[in-house]
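Chains as they are written, first to last, in this note's numbering: chain Y, -17 to 302; chain P, 3 to 332; chain G, 34 to 327. Glycine residues also receive a C-beta, built at the ideal position from the N, C-alpha and C atoms. Quantities reported herein were computed from a predicted structural model and do not represent experimental measurements.
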Amino acid sequence: MENNMIEIQNLKKYFQTKKGSLRAVDDVSFGIKRGETLGLVGESGCGKSTIGRLLIRLIEATDGHIFFEGEDLRKMNDAAMRKMRRKMQIVFQDPYASLDARKSIFQSIGEPLRVQKIFTNKSDYEKRVYELMEIVGLARRLSNTYPHELDGGRRQRVGIARALALNPSFIVLDEPVSALDVSIQAQVLNLIQDLQQDFRLTYLFISHDLGVVKHISDNIAVMYLGKLVEKADYTSIFRDPLHPYTQALLSAVPVPSIDVEKKRIIIEGDVPSPINPKPGCRFAGRCIYSQDICIQEEPELVEYSPDRFVACHFAGKVGR
Amino acid sequence: MDNTKKLLEIKDLTIHYVTVDGTVRAVENLDLSINAGETLGLVGETGAGKTTSVKAVMKILPVPPAKVISGQILFKGEDILKKSKKEMRKIRGAKISMIFQDPMTSLNPVMTVSEQIEEAIGLHNPKKSRREIKKLSDEMLETVGIKAERSMDYPHQFSGGMKQRVVIAMALACNPELIIADEPTTALDVTIQAQVLDLMKKLKDKFNTSMIMITHDLGVVAEICDYVAIMYSGEVVEHGTREHIFHNALHPYTKGLFACIPNLYEDEKRLKPIKGLTPDPVNLPKGCKFHPRCPYAMEICSKESPKTAMMDEGHMVKCHLYKEGMADGK
Amino acid sequence: MATQSENIEIIEVKHRTQLQEIWRRYKKNTRAVIGLIMLLILIFSALFASVLTPYDPLETNYSLRLEPPNAEHPFGTDELGRDILTRILYGTRISLTVGLIAVSISSITGCTLGSIAGYYGGRIDNIIMRFIDVIMAIPGILLNISIVAALGTGLQNVMIAIGISSIPGYCRIMRASILSLRGQEFIEASKAAGAKDFHIITTHIWPNAMAPILIQATLRIGGAILACASMSFIGLGIVPPTPEWGAMLSTGRDFLRDAPHLTAFPGMAIMFSVLAMNLMGDGLRDALDPKLKD
């Protein structure tokens, strides 16, 4: 706990819908150490983006704790939280949607500085914006351009510069490269890694792309239907996945190679609805190893071996 | 090579979009061919001209602004570009059909899935009775793994993966000879993508249909394609069998593409991105279009556009580094 | 520093503020500039009416009744022998004031209510929108009459009445725009930077929701001038001798056959000001949208 820069405990987010309670995030706990990257993977609707937004209180949790440097964010009032935002930032998936189309690049990057009233002096403010542009590799001449005039890669650099403006220590990266072409994606991933080293940043990297997550993360957490099913360091999770869902997910990734011989596990059916989920393991309905106990009892996330967590009744006994 | 065997052959196709801001050279001197029963992966990044090329095959380009400047598209030896609207209607859906990227928008929300498949069948089989058509439609749904009792459901009652299955059923309904799939799994989750790819592979073998698979994902190509064409700025820069491209990629762009992808099975500290950006199609560089980003660029690259060189049986590359007859890739 | 994929040029580039940027784009639009010049002409004639004409707008002269346009009276005279050009010039003051103030009242109130309703939603949205429904249910002229009846006649109250009766349009447009903007990521991004609701509404939502509001506002200015005229016509607006375009238009109707200039010139004046506002409104809408740049 002391080592963790950010830690969430029993975090829950339920949305009330007409059909019942939608459990977007259901009792999730994890921590991220300073300077480390936690990759959060899962398919659409598993609650990974919701966690990112809960963590920096863009939306309010239903229950649970979020500790940032030991302080409980959920107990902060609005003013204290606004101040706290200097330390925690977010980069969104779609840089086109996350930038105001009517604001120039300069204005967009400068906005956090203005709303937090960092500079009283105009020339200091301008200097800082140009400095940020330089850090993320945007030419100065682009300061008067608008988002629609830039390509995807440059737009995402603007999003990153914005997030860096307040010198944060923690950044949530919500699918930051998913909207980009592969050649540009690699450029932006390298930038993200460089920034982490230069500014000693802590990342929560949310993505559905396992290759990208593995490349950038120290630890990886896998989510399924609002639950954390497995968490481990990146090598263990790829070499020896314990949870049947992680195994299936890994085997489903198309690998750009024709030499890799791999065991294909095709799981049947679709992700069930997170509204009023059935008791028992959430994955039981699609799991090829499912037994009676899986339907009756929900498995806890337990420490299988040091720093390896898994939520499965048959962890280590199946699919290895 | 025997030309009669070819199902589709695109020769020297050039398509421009004429707009007020200038002429967008979307596709330039494109050569491509596909034989019966084969699957060709058309790989490239945004704006490479993949979708424009296949829309020309379907003759569904918006004209204007699109304009076919030159070239031929031979489907079973007949030029599609010379066909009348009426003749095209008989080809579309019946002989060539298309699967679009987004299953959410390619189905009509106010018609049941069965009605949509029946419509696709009915258009090309006016003599069949409603009952026969309905039976065919139900069979099609079963083939793609949807129970017939769900045939009267509306698209919103299906998940993304199921919708894409319905779209596939529609595309296959008239047993076409060629299917064009435009990023059919991009909008889907990985586990669902695996299901759909698996299904497409099975159906392709079952019906012996040829397929052009547009994708930006080399992983998908490795799964399903026999041949691969790499496109860059409106041109095919490399074309070969799956083995050629994956084992012996020649073009610097192809090599660059492989280097950018994070590898699941090996540890790499840093990715090796291709420097720079894809060129503006209104203002393409002279000579080889890739030369400003190419690590091996020579003087000639900025002056002359490279010619297609046949390196190996069926392995073609457009790059000044390679000359016909050179030992492959050395 | 991080590796850069792009060469950073040393060329000094000055970033422009948003206002400079909008003016730069506005200038490029010829029609918008014409609209602005037309408005300046109107303001000029309102301010300097007494210098521009030797006549008094209220002085009657029965020997010069219903004179057609001539050298001394370029727009002719009315049924009481007053110079029409003089009355139009003086009328600019009232008509422009009525148009601008009535529209300001309705647009500012309407946009504020619409913003609150759309941004916060829930119960407050329900309360505001039901109130708006009530206003909408009452025919405009009836509402104007009852407000003026309650507040008393006079120019000021007429403007308030006209303003209130056109609040619903703005409110509904604003609410709809905000509902579509509220869920967008750049709003969340601003929140993540620590922005307060007020900042988000004024700097992100309003500029993005402005286009339909501007169109509505410029179109409504002409409507407001005409509404004021009809109020005058039933004796609740401007009291007769005061020169006002709408009132001039309605009295002129009685002489339409013999002296068409009585209606033609005030009508043209109204048309001129509405056109000026429309040209400006269009220009402003385009200038606010960076996507239409160049």
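Residue contact check for GLN75 (chain Y) against chain P: no CB pair falls below 8 Å.
Residue range 244 to 249 is occupied by the alpha helix (DSSP H) that includes HIS249 (chain P), with no beta strand (DSSP E) assigned at that position. The Cβ-Cβ distance between ILE303 (chain G) and ILE258 (chain G) falls below 8 Å. CA-to-CA, the gap between THR243 (chain P) and ASP228 (chain P) works out to about 6 Å.
For SER161 (chain P), the neighbours in chain Y by C-beta distance under 7 Å run, in chain order, ASP252. In the DSSP annotation of this structure, ARG290 (chain Y) is not part of any alpha helix (DSSP H); the continuous beta strand (DSSP E) holding it starts and ends at 290 to 292. The stretch 225 to 245 of chain Y makes contact with the stretch 175 to 193 of chain P, as at least three CB pairs between them are under 8 Å.
Here LEU220 (chain P) is near VAL45 (chain P), since their CB atoms are less than 8 Å apart.
Residues are counted here when their Cβ sits less than 7 Å from a Cβ of chain Y; for the stretch 219 to 248 of chain G these are PHE219, GLU221, ALA222, SER223, LYS224, ALA225, ALA226, GLY227, ALA228, HIS232, HIS237, PRO240 and ASN241, given in chain order. In this structure the stretch 143 to 152 of chain Y touches the stretch 112 to 130 of chain Y; the number of beta carbon pairs closer than 8 Å is three or more. Contact check between the stretch 70 to 87 of chain G and the stretch 113 to 132 of chain G: three or more CB pairs, one atom from each, fall below 8 Å, which counts as touching. Residue burial annotation: GLN278 (chain Y) is exposed, with fewer than 16 other C-beta atoms found within 10 angstroms of its C-beta. Restricting attention to alpha helix (DSSP H) runs no shorter than 4 residues, the stretch 66 to 139 of chain P encloses them at 87 to 93 and 115 to 126, ordered along the chain.
For ILE233 (chain G), there is no enclosing beta strand (DSSP E), as DSSP gives it neither H nor E. The C-alpha of GLY163 (chain P) is placed about 25 Å away from the C-alpha of LYS0 (chain Y).
PHE220 (chain Y) reaches chain P at LEU266, counting residues in chain order whose Cβ is nearer than 7 Å. The secondary-structure analysis by DSSP pairs VAL154 (chain Y) across a beta bridge with Y:ILE72 and Y:LEU186. For ASP200 (chain P), the closest alpha carbon among the candidates P:VAL22, P:LYS271 and P:ALA224 is that of P:ALA224.
In chain order, ILE135 place their CB closer than 6 Å to the CB of GLY124 (chain P), counting only its own chain and leaving out the 5 sequence neighbours on each side. Residue state for ILE62 (chain P) is assigned as coil, using DSSP reduced to three classes. Taken in chain order, the members of the stretch 219 to 241 of chain P whose beta-carbon sits within less than 8 Å of a beta-carbon on chain Y are ASP219, LEU220, GLY221, VAL222, VAL223, ALA224 and GLU225. Between GLY135 (chain Y) and GLN229 (chain Y), the C-beta gap is not smaller than 8 Å, which leaves the two residues out of contact. Only exposed fits GLY24 (chain P), as fewer than 16 other CB atoms lie within 10 angstroms of its CB. Listed by position along chain Y, the residues whose Cβ is nearer than 9 Å to that of LEU321 (chain G) are ARG84. When beta bridges are read from the DSSP output, ARG27 (chain P) appears opposite P:HIS18. Within the DSSP bridge table, the entry for SER287 (chain Y) names Y:ARG290 as partners. Note on LEU282 (chain G): 16 or more other CB atoms within 10 angstroms of its CB, so buried under the neighbour-count rule. Collapsing the DSSP output to three states places LEU286 (chain P) in coil. Taking the C-beta atoms as reference points, PHE88 (chain Y) is found nearer than 8 Å to SER125 (chain Y). GLY143 (chain G) and VAL131 (chain G) have their C-alpha atoms spaced approximately 17 Å apart. Counted as a single uninterrupted DSSP element, the beta strand (DSSP E) harbouring LEU180 (chain P) occupies residues 180 to 184. Taking 8 Å as the threshold, the shortest C-beta distance from MET164 (chain P) to chain Y falls below it. Listed in chain order, the non-local C-beta contacts of VAL307 (chain G) below 6 Å within the same chain comprise GLY255, local neighbours out to five positions each way being set aside. Here LEU312 (chain G) really is in contact with ARG64 (chain G); their C-beta atoms are around 5 Å apart, less than 8 Å. Here the C-alpha atom of LYS88 (chain P) lies approximately 13 Å from the C-alpha atom of ILE62 (chain P).
A distance below 8 Å separates the beta carbons of GLY278 (chain P) and PRO294 (chain P).
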